[in-house]
Structure formats: structure tokens, C-alpha cells
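Mapping of the sequence shown onto the UniProt record's numbering: residues 1 to 578, in sequence order. Note that the Cβ used here is the ideal one computed from N, Cα and C, for glycine as well. Computed from a predicted model, the values in this text were never measured in an experiment.
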Amino acid sequence: MEKLLMNIATNGNLQNEGSKTAQSAEQLRAATASADSDSVDSHASGSDTKEDDEEEAYRITCKQRSDEPFSYVGSSSGIYLLSRLFPKENSILRPDASEVLPRPLEGHEDDLMIARFDGDNLENFGLGRKYDAEWKLPPKELTNYLVDMYFKRFNPILPIIDQEQFYENYKKKSYHSMFIAIIMTLCRVTCRLLKKDDALVKKYKIDRVSLYHDISKQLDLNFDLDFLEPKIETIQVLLLNAANASKWGLESADWITTSIAVKMAQDLGLHRANTQHEGIPKKDTEAKKRLWWSAYVIDRVVCASLGRPLTISDADCDVDYPDSEDTTYAQFTHLVKLTCILGDILRALCSPRARIMSSKGAGLENISRNLEIMLLEWKRNLPDDLNLTDKELSLISGKEMNPELQTKLNGGAGKLRLAYCAVYLLSKRPFISMGTVNDSNVKMPNECQETLKTAVELFEVIEPTSLLCFWSISTFCLSQTQMLLFLNYRNINADTIAESKSLSERFQQRHIALEDYITEKSLIPFLSMLSKVIADEEPSQNKNDEAIIDQQMSLWNASSGIEWQEMVKLLSETGYNL
């Protein structure tokens with residue numbers, strides 16, 4: 001704080017290390033003046049040359065300083081209040097010095113962007129990695145193929161990386177270690193989509209699982225996460241790994257890295273609409289918007305999946321949605337808007353405060369209805385190429401697929417509808433009745449059962465690799481579907497029980513096709529055993545299932561009811577990939 005107070009700028013705002021530049025220049029001028037006083041007979045041309053050199057050196061210094069990273073400091077810090085104690089006159093500063101001064105945000109003098117000069121990093125604390133990382137990239141031909149696959153299939157739905165900026169660096173002959181980390185992360189994300197009969201897989205004799213684990217090990221060893229020095233590249237690597245986590249168990253580090261990525265993005269001011277340098281190209285601004293909203297989507301989905309508190313508060317953000325005229329990212333923009341509603345649902349229906357309100361008789365049902373209206377409005381605003389009509393859903397239900405519908409499904413419409421189903425089911429939580437403590441007779445609205453049926457039917461026809469292209473979101477959608485199907489095993493209606501068991505069996509059969517691309521152990525034995533335990537069937541005593549049985553019997557036999565939160569906890573604690 002002492003350093004901050006010493007750097008109050010004469011223009012009325014906090015000036016940090018930028019004042020050092022002005023002070024150094026003032027000292028340089030004083031030294032020059034002293035030297036000139038001893039040489040009063042010097043030619044005028046000589047003096048002009050010195051002044052020109054001084055001006056040029058000062059200009060270069062200011063330019064270098066202006067390229068330093070800036071950090072966002074909001075009004076609650078109170079720093080802006082101190083600036084009012086100082087005069088606004090800044091005549092002692094040269095014009096170029098304004099480039100490095102803290103910038104009051106347009107229309108908000110209480111919000112500042114402050115340059116980070118000589119900041120701390122982990123190496124100063126003896127924690128940073130001081131060696132040069134030894135990366136071993138896949139063969140160049142394979143790397144090119146995987147990178148191209150990422151931008152064609154992954155980036156449109158969750159554009160964490162700006163394609164133009166990436167390829168500008170990718171074409172260079174040598175790479176910085178941080179950029180290599182991005183390349184390796186893209187390869188890790190996409191290598192699971194490689195098929196066994198792929199030409200490059202055969203050419204280089206690649207085992208997909210081994211390649212995935214090798215890249216993961218290199219990232220663990222060589223990626224230097226310096227959380228004291230926020231960088232765009234660091235945020236990108238963290239979000240890429242979180243969006244494509246192999247599993248969301250309680251021990252997963254991706255939950256923590258998502259939070260770190262969000263905090264870094266907020267440090268850089270990506271969550272504010274007016275935190276950019278004046279004159280920054282629109283394409284760069286849009287790239288930062290997409291990065292921020294990607295972090296937002298991942299935060300909402302991860303928090304919903306694990307039942308954890310939201311990291312991002314909507315009240316703190318005023319950055320616009322990505323450019324709606326750029327159709328390349330249309331599905332992403334609509335996904336962002338859907339996850340905004342998801343955040344509202346988590347706060348209004350699933351938070352501890354919401355449960356307290358419910359116990360006091362507050363009408364969560366009315367809140368749920370309002371949220372449902374928002375979801376229906378979201379669906380109505382989808383463009384034709386991203387919206388599945390009732391007729392198309394009927395064709396999907398009857399497995400009457402045609403090439404056009406298949407393309408539409410895997411081009412974004414199927415994934416968005418699957419996400420919609422999961423969010424819709426979550427919004428109906430207040431209408432799900434678990435019955436009495438000693439007699440679990442579940443009651444669920446008919447529209448929930450219809451939505452579950454739609455979700456399973458979509459899961460059966462969407463290409464498995466398409467689900468992997470937004471895997472963290474897919475796992476949330478699939479887990480919501482399967483858990484509610486399990487819940488209906490104890491439904492009060494016998495027909496609903498029978499239909500739910502049938503849908504659950506279809507779900508598990510389809511999951512087998514998906515597991516061909518998953519590097520973790522199979523989920524099917526766990527789901528099969530869980531189905532039998534919930535349905536009060538006698539489980540088979542296969543030795544391979546004994547460990548799973550031990551994990552579940554103590555919970556499920558202890559209660560005749562099925563507690564929603566316990567089911568979430570159970571699925572997480574097993575460490576299985578869902």
C-alpha cells in the first residue's frame with residue numbers, strides 16, 4: 001500500500017511505476033542541464049542533437065512501459081478516492097507518459113487499470129521452475145492434423161483460443177515454452193478423437209491412450225503455472241484442460257485450475273466492458289471477450305456438476321456478449337446465454353440460502369416457473385440451423401435419420417438441445433417429490449420424463465466424437481440424465497419405473513460406443529451395479545464388481561430413499577468418468 005500511495009499521479013489518479021519513468025526522465029534532464037551549464041559555449045546544433053536523442057530515448061522507454069500488463073482495480077478498493085487529494089495538473093509529464101499512467105475506465109473514474117511493473121512471481125519465492133522445459137512434440141504432420149481438428153471441431157463451441165493469433169505464432173520456426181504448452185494442450189484435447197484406422201495413427205503406430213497420457217505427463221512436468229503473474233496464455237491452458245477433463249472426481253485438480261483461470265481473467269479485467277487500451281483492434285477485443293465467456297461457461301457447468309459455489313458473480317461483470325454478427329461462433333453465443341440461465345438456477349434453486357427459503361415456505365415453484373419461461377424464450381431465439389423442430393425430434397425418436405439432420409445434429413443443434421435438457425431438468429427441481437423418509441415414492445412432472453426421453457434419444461444419435469468436443473458440458477448433461485432416470489426407479493408410477501429402466505439400459509448401451517474414445521476405465525459396471533442396488537435387485541457377486549459393491553451398499557441399503565445430493569456425491573467419489 002505504501003508503494004501505491006507513493007505513486008499517486010499528478011493527473012488525479014493513482015500512478016505506479018509509470019512515475020518512475022517520468023522521474024528518471026526528469027533526472028536525465030537535470031543531468032543534461034548540469035552538463036550543459038559547463039558547456040555554455042557549445043554549438044546550438046549539438047544541443048539540439050542531445051535533446052533529440054533524449055526525446056527518442058524517453059519515447060522508447062514510455063512505449064516499452066505501456067506494453068506492460070495491466071491489472072484491474074475496482075471501486076471497493078478505495079484507491080481512487082485518494083487521487084482526489086492531489087491536483088489534476090500534469091504539466092510536468094511529457095505526453096508519452098500518459099500511456100503508462102493508471103487509466104480511469106470510461107465513465108467510471110472509480111475503476112482503474114494499473115500497470116504491473118516488477119511484479120512478484122513464483123521464482124522470487126523459490127517456487128518457480130527455473131529450468132528450460134524439455135518438450136517432446138508429436139510428429140509435425142500429426143501435430144498439424146490435431147491442431148486443425150481443434151479449430152474445426154472444438155473451437156466453434158468453446159473458443160478459448162483465437163485462431164488467427166494462434167496460427168501467426170504457429171508458423172514461426174521456434175516457439176516460446178508457454179506457446180508449446182498451448183500446442184501440447186490442443187494435442188491432448190484432440191488426440192482422443194483419433195480413430196484406430198486413421199492413416200496417421202497407422203503411419204506413426206500410435207496408441208491413442210499412450211499418446212494422451214504422455215502429453216498429460218509432459219504438461220504436468222513442464223507447464224509452469226505462475227499464478228502470481230496472470231497471462232492470457234496461462235488462462236487458455238487452464239481452461240482447455242478444465243473443459244476437457246478426463247473426470248470430475250472430488251480429487252480432480254481441474255476444479256481448482258478453473259477457479260485460478262477465472263481469477264487471472266478478472267485480474268486482467270476481462271470481465272469489464274471498458275478495460276482495454278484505446279485503439280485496440282476489434283478482433284483483439286472480440287478474442288478477449290470469447291476467452292472470458294468461455295471461462296464463464298466452464299465455471300457454470302463445473303459448479304453445476306460438482307455442486308460447488310459459483311466463482312463468477314454476474315453483478316461484477318458488464319462485458320458484452322461476443323459479436324452476434326460473427327456466425328462462426330453462433331452456437332457459442334447461444335451456449336453462453338444458456339449458461340447464464342443455469343447460473344440463475346443454481347443461485348435461486350440450489351444454493352443453501354434457497355434451501356432455507358424453501359424450508360420457510362417461500363415459493364420456489366414460482367421461481368422455477370419464471371426460470372422455465374426464460375429457457376423457453378432462449379429456445380425460441382435459436383436460429384433455424386441450431387434449433388431442432390418437433391418434426392425433427394420425432395424423426396430422431398424413430399431413428400429416421402437423414403444426412404441433413406445428422407449434419408445439423410453434430411453441427412451444434414444436438415449439443416445445444418442436450419444442454420438445454422440438462423438445464424431444464426435442473427430448473428424443475430422444486431417439483432420433484434421424494435416422498436416420506438420411510439417410504440420413497442418419487443413424484444416427477446410428466447414434462448421431466450419427456451425431457452429425459454429426448455435426452456436419451458439425442459445421446460443415441462449424436463456422433464460420440466461430437467460429445468467429446470465439449471466434454472465438460474457433455475458430462476454434466478449425461479450425468480443429469482442418468483441420475484434422474486435412477487431416481488425414477490422409485491417413482492410412484494409403475495409405468496414410469498418401467499420406462500426409466502428401459503431408458504437407462506439404452507443409455508448404458510450407447511455409453512459403450514462413447515467409451516471407445518475415453519482414456520479412463522469403463523463406467524458401465526458401475527452403472528449396472530447401481531441400477532440393481534437402487535431397484536432392490538439382487539446384485540451379481542462378480543469379483544470384478546466387489547469393490548464397486550462395497551462403495552455403494554453402505555449408502556443405498558442404509559436408506560430406502562434416494563437423496564439427490566448423496567447421489568451427486570457418490571458419483572463424484574467413485575472417480576469414474578461420466
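Q | Under the three-state DSSP convention, the category residue 580 falls into | A | Coverage of the chain is limited to positions 1 through 578, which leaves residue 580 absent and any answer about it impossible.
Q.
With distance defined between alpha-carbon atoms, name the residue in Tyr175, Ile215, Ser210 nearest to Leu186.
A. With distances taken between Cα atoms, Leu186 lies closest to Ile215.
Q | Beta-carbon spacing of Cys191, Leu219 below 8 Å | A | Inclusion of Cys191 and Leu219 in the CB contact set at 8 Å is not warranted, their separation being larger than that value.
(Q) Using the Cβ count rule (16 or more neighbours within 10 Å means buried), how would you classify Asp267? (A) Buried is the label assigned to Asp267, since at least 16 other Cβ atoms lie within 10 Å of its Cβ.
Q) Which word fits Ile392, buried or exposed, when buried means at least 16 other C-beta atoms lie within 10 angstroms of its C-beta? A) Note that residue 392 is Glu in the sequence shown here, rather than Ile. Of the other Cβ atoms in all chains shown, 16 or more fall within 10 Å of the Cβ of Glu392; this residue is therefore buried.
(Q) Which residue marks the beginning of the alpha helix (DSSP H) containing Val301, and which one marks its end? (A) In this chain, the alpha helix (DSSP H) harbouring Val301 covers 282–306.
Q | Close-in-space but distant-in-sequence residues of the same chain around Tyr321 (CB under 8 Å, 5 per side omitted) | A | Contacts found: Lys289, Trp293, Thr333, Val336, Lys337.
Q. How many whole angstroms separate the CB atoms of Leu452 and Leu503, which I take to be in contact at a CB cut-off of 8 Å?
A. With 8 Å as the limit, Leu452 and Leu503 qualify as a contact, their Cβ atoms being about 6 Å apart.
Q: Could you work out which residue in Ile534, Ile524, Leu418, Asp516 is closest to Thr481 when comparing CA atoms only?
A: Nearest to Thr481 by C-alpha distance, out of Ile534, Ile524, Leu418, Asp516, is Leu418.
Q) When we look at the beta-carbon of Leu221 and count the other beta-carbons within 10 Å, is it buried (16 or more) or exposed? A) Counting Cβ neighbours within 10 Å, Leu221 comes out exposed, since fewer than 16 surround it.
Q: List the endpoints of the continuous alpha helix (DSSP H) containing residue 625.
A: What the structure shows of the chain is the stretch from 1 to 578, and residue 625 is not part of that stretch, so it cannot be assessed.
Q: Look up Asn274 in the DSSP assignment and give the residues it is bridged to.
A: Per DSSP, Asn274 has no beta bridge partner at all.
Q) Can you round the beta-carbon distance between Ile345 and Ser427 to whole angstroms, since I take them to be within the 8 Å contact cut? A) About 5 Å separates the two Cβ atoms, so the contact holds.
Q. What number of angstroms, rounded off, separates the C-alpha of Leu523 from the C-alpha of Ser479?
A. About 12 Å.
(Q) Using the three-state DSSP reduction, which class does Asn493 fall into: helix, strand or coil? (A) DSSP places Asn493 in coil when its eight states are reduced to three.
Q | Alpha-carbon spacing of Leu342 relative to Cys303, whole angstroms | A | If I take the Cα positions, the gap works out to 10 Å.
**Q.** At least 3 beta-carbon pairs within less than 8 Å: the segment 154–166 vs the segment 194–210
**A.** Below 8 Å, too few C-beta pairs join the segment 154–166 and the segment 194–210 to call them touching: fewer than three.
Q) Going by Cα to Cα distance, which pick from Lys173, Leu484, Val297, Asp536 is closest to Ser472? A) Check the Cα spacing between Ser472 and each of Lys173, Leu484, Val297, Asp536: the tightest is with Val297.
Q) Between which two residues does the alpha helix (DSSP H) containing Ile232 stretch? A) Residues 232–243.
(Q) If you follow the alpha helix (DSSP H) that Lys532 is in, where does it begin and where does it stop? (A) Unbroken alpha helix (DSSP H) run through Lys532: 524–534.
Q.
Quick check on DSSP: helix, strand or coil for Met434?
A. DSSP places Met434 in coil when its eight states are reduced to three.
Q.
Rounded to whole angstroms, what is the Cα-Cα separation between Ser259 and Tyr167?
A. Roughly 28 Å separates the two Cα atoms.
Q: Locate the alpha helix (DSSP H) running through Thr311, then write down its first and last residues.
A: Taken as a continuous stretch (DSSP letters only), Thr311 belongs to no alpha helix (DSSP H), as it is neither H nor E.
Q.
When you compare the segment 448–467 with the segment 499–518, are there three or more beta-carbon pairs, one atom per stretch, that lie closer than 8 Å?
A. With a cut-off of 8 Å, the segment 499–518 and the segment 448–467 count as touching, because enough Cβ pairs lie within range.
Q: Tell me where the alpha helix (DSSP H) around Pro403 begins and ends.
A: Note, Pro403: alpha helix (DSSP H), 403–408.
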